[in-house]
Amino acid sequence: MGRIRENITIDGRNFWTLFDSGSRNNYIIESTVGGLPTFSYKVLQKVHIGGKQHKISQDCRIDCKIQGKEVVGLARVIDHMGNDEEGKEIEVLIGALTMQEWGIRLDIPAEKLDLSLYPKEFLEF
């Protein structure tokens, strides 16, 4: 399990993002969702993140640029995730499923992302 933090771009705006291999899913804080497409759940989902339980009622489609590469996914909308070790608010969390799908690896010793496995195309079987 590892974590790397850096800015990503969604809809022309920068967001402080935590890449966390210990989380399956993606999350985005409610205050940053403005103008992005959201979808409501029929049943509330409960999740524990940032030291507390949250009830998730919608998700958000995120078309983002990570180090200049296009990455698309869904993020659960959450009220607050907390701050990183330096006190900066985490606005987006990218989890393991999206990192696997888009070939994003965490280079923990160098404290950076490794996008060398980013797919040029998807091959389905």
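Numbering (our numbering), first residue to last: 430 to 554. Quick reminder that beta carbons are idealized off the backbone N, C-alpha and C, glycines included.
Quiz prompt | Rounded distance between the beta-carbons of N512 and I519, thought under 8 Å | solution = The pair is a contact, with the Cβ atoms about 7 Å apart (cut-off 8 Å).
Quiz item: If you draw a straight line from the alpha carbon of T446 to that of G479, how long is it in whole angstroms?
Solution: 14 Å
Self-check item: Where I572 falls, given that 16 or more other Cβ within 10 Å makes a residue buried
Solution: This structure does not reach residue 572, given that the chain is present from 430 up to 554, and the question cannot be answered.
Quiz prompt | Assumed close pair D492, I439 - CB separation to whole angstroms, cut-off 8 Å | solution = 7 Å
Quiz item: Going by the beta-carbon positions, is the gap between N455 and T527 smaller than 7 Å?
Solution: yes
Quiz prompt | Collapsed DSSP secondary structure at L542 in the structure displayed | solution = Three-state DSSP puts L542 in a strand.
Quiz item: To which residues of the same chain is G502 closer than 6 Å at the C-beta, ignoring the five residues directly before and after it?
Solution: N455, I491 and T527
Exercise. Would you check if the distance between the CB atom of V500 and the CB atom of V462 is smaller than 7 Å?
Key: no
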